[in-house]
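Engineer:
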Amino acid sequence: MLYTEILNDNKDFLALYKKGRYVASKYSVIYVRPNGRPFNRLGITAGKKVGNAVCRNRAKRLIRLAYRNSEVNMPVGMDIVIVARAAICSIKSDEYCGYIEKYGLNDINKMFRSFDVKNKRI
RNA sequence: UGAGCAGACUAUGCGGUAGCGGAAACGUUAUAGUUUACGAGGAAAGUCCGUGCAUCACAGAGCAGGGUAGCUGCUAACGGCAGCCGAGGGCGACCUUAGGGCAAGUGCAACAGAGAUAUACUGCCGCUUUUAUGGCGGUGAUGGUGGAAAGGCGAGGUAAGAGCUCACCAGAGCGCUGGAGACAGCGCUGCUAUGUAAACCCUAUCCGAUGUAACGCCUAUUGGUGCUUGUUAUCUCAACGUCUGCUCGGCGGAUAACAAGUAAUGGCGGCUUGAGCUUACUGGCGACGGUAAGACUAGAUAAAUUACCGCACUCGACAGAACACGGCUUAUCGGUCUGGUCACAAC
RNA sequence: GCGGAUAUGGCGGAAUUGGCAGACGCGUAUGGUUCAGGUCCAUAUGUUCGCAAGAACAUGCAGGUUCAAGUCCUGUUAUCCGCA
Numbered sequence: 001m002l003y004t005e006i007l008n009d010n011k012d013f014l015a016l017y018k019k020g021r022y023v024a025s026k027y028s029v030i031y032v033r034p035n036g037r038p039f040n041r042l043g044i045t046a047g048k049k050v051g052n053a054v055c056r057n058r059a060k061r062l063i064r065l066a067y068r069n070s071e072v073n074m075p076v077g078m079d080i081v082i083v084a085r086a087a088i089c090s091i092k093s094d095e096y097c098g099y100i101e102k103y104g105l106n107d108i109n110k111m112f113r114s115f116d117v118k119n120k121r122i
């Protein structure tokens with residue numbers, strides 16, 4: 001991945017859930033927060049509720065694929081965590097990629113701008 | 001042809017495009033990049049057992065605690081497997097089986113019933129006496145209760161009865177024969193001994209603890225903290241710590257101050273060449289063993305096998321390695337093969 | 001990776017050494033009390049079959065031991081928790 005590192009630390013996850021903004025949908029929940037670095041950091045969560053190990057792995061793969069496909073259009077300098085939901089196992093990858101390109105990108109950009117405005121005011 | 005039994009194998013296939021993981025080669029000061037081959041399972045799962053490996057402790061003994069339970073073998077080991085024995089089921093192929101001991105001791109057996117591990121309500125019989133009831137004695141055949149009533153059933157016997165005697169059957173002990181053994185067969189003795197050990201327990205046998213986040217190596221920096229070593233001071237010879245829960249016993253004197261070293265964090269190793277795999281021959285009824293040849297075939301650290309397209313068909317189940325291996329158990333769409341059995345029909 | 005606990009009516013929650021399971025409380029339904037409601041009192045309340053009497057099945061699920069299992073043993077499913 002081009003501008004992206006892997007978000008690894010439990011502290012960062014917790015901070016995101018507390019202070020970040022989020023968009024929920026049927027398949028996933030996206031949390032976003034600016035990190036003040038020249039690259040993005042991506043974390044993926046697939047909890048026990050999603051399904052068995054095969055399901056969880058598939059969810060993670062789909063999310064990584066979708067992120068890779070639309071990475072070019074993303075803003076830079078964000079922490080992003082995507083939480084998988086149970087419905088993601090039963091759909092094709094096309095559907096999820098399409099969803100991310102159509103709605104997810106929009107939402108992320110919106111949220112990113114809203115953070116920007118806040119920072120300028122301060 | 002139908003039904004049924006046992007065992008083995010397999011786990012959609014092929015092609016294209018893009019992508020992921022570590023490895024090798026090329027390349028670069030170094031990144032980047034390019035190419036090549038490789039890249040989840042029969043259960044990878046549950047974690048129910050057993051091993052290896054690593055560390056800790058080693059001075060051992062006893063008790064406690066836990067596992068196993070027909071015999072003989074196989075194995076690194078096992079609670080696994082194979083063959084056999086006993087018991088039970090099936091017409092049969094075959095299947096199931098925690099299958100030592102209650103004839104060492106203790107406990108428990110509700111309700112019902114006279115009585116539940118030893119007695120006597122109704123009976124039956126004998127003797128006695130106020131002759132219509134009581135007393136004494138014998139009896140466990142009769143009645144009902146119960147899961148179970150003192151081996152079963154028949155005959156003899158008796159006042160009535162009773163293994164009291166006898167035949168057959170079941171059980172126990174002893175002897176002989178066969179077998180490696182579990183056990184089987186035969187004979188004799190004897191007269192009986194309720195069930196429960198998946199109740200405590202007894203017998204035989206096995207078991208140290210912790211798990212690769214173990215553990216080893218390298219490394220940044222002040223202070224505090226833990227550990228180790230050295231020096232000094234104080235206290236004393238029985239407390240404290242440790243060795244498995246306890247006891248005996250063993251080992252370390254203890255506390256404070258100062259100095260030096262070390263650990264944490266991160267990285268690397270551990271990490272995959274193995275009680276392994278394939279093929280051939282061979283020993284054994286079999287589990288399994290032996291010999292020879294060949295190949296190297298996942299090793300990640302938020303964690304890699306995917307996505308899409310096309311074709312084919314029977315339309316694709318359960319499901320994803322995290323130190324490794326041997327089993328067991330559970331989940332599973334189907335398909336293929338092999339060997340027995342029964343029924344019907346034909347020859 | 002390692003280890004532990006729990007499961008009983010609609011809900012909470014009993015049932016001691018195996019011995020009549022559905023105690024007790026809440027809830028629900030019906031009736032009474034009241035002008036009306038609440039409170040209070042009484043009765044009923046697992047499922048199936050049955051006119052009824054009653055019978056069968058019921059302690060997460062599947063087996064086993066026992067005369068008898070919620071309780072003992074084995075396997076399994078779900079939920080919850082702990083350690084690192």
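Going by the working numbering, the first residue of the first sequence is number 1, and it counts up by one from there.
We put the CB at the ideal spot given by N, CA and C, even for glycine.
(1) Assuming Glu91 and Ile30 make a contact with CB atoms under 8 Å, what is their CB distance in whole Å?
(2) In angstroms with no decimal places, state the Cα-to-Cα distance between Tyr99 and Val76.
(3) Rounded to a whole number of angstroms, what is the C-alpha to C-alpha distance between Cys97 and Arg113?
(4) Quick one, are the C-beta atoms of Ala84 and Ala46 less than 9 Å apart?
(5) I think Leu16 touches Val81, with their Cβ atoms under 8 Å apart; what is that distance to the nearest whole Å?
(6) Using three-state DSSP, classify Met74 as helix, strand or coil.
(7) Alpha carbon to alpha carbon, what distance is there between Leu62 and Met111?
(8) Should Ile122 be labelled buried (16 or more other beta-carbon atoms within 10 Å of its own) or exposed?
(9) Once the 5 residues before and after Glu5 are set aside, which same chain residues still bring their CB inside 8 Å of it?
(10) Does DSSP classify Asn40 as helix, strand or coil?
Structural biologist: Here's the rundown:
(1) The amino acid at residue 91 is misidentified as Glu; the sequence shows Ile. That pair is no contact at about 17 Å.
(2) 21 Å
(3) 23 Å
(4) yes
(5) 5 Å
(6) coil
(7) 23 Å
(8) The predicted position of Ile122 is uncertain, since its pLDDT is 36 and thus under 50; no value can be drawn from it.
(9) Phe39, Asn40, Arg41 and Leu42
(10) strand
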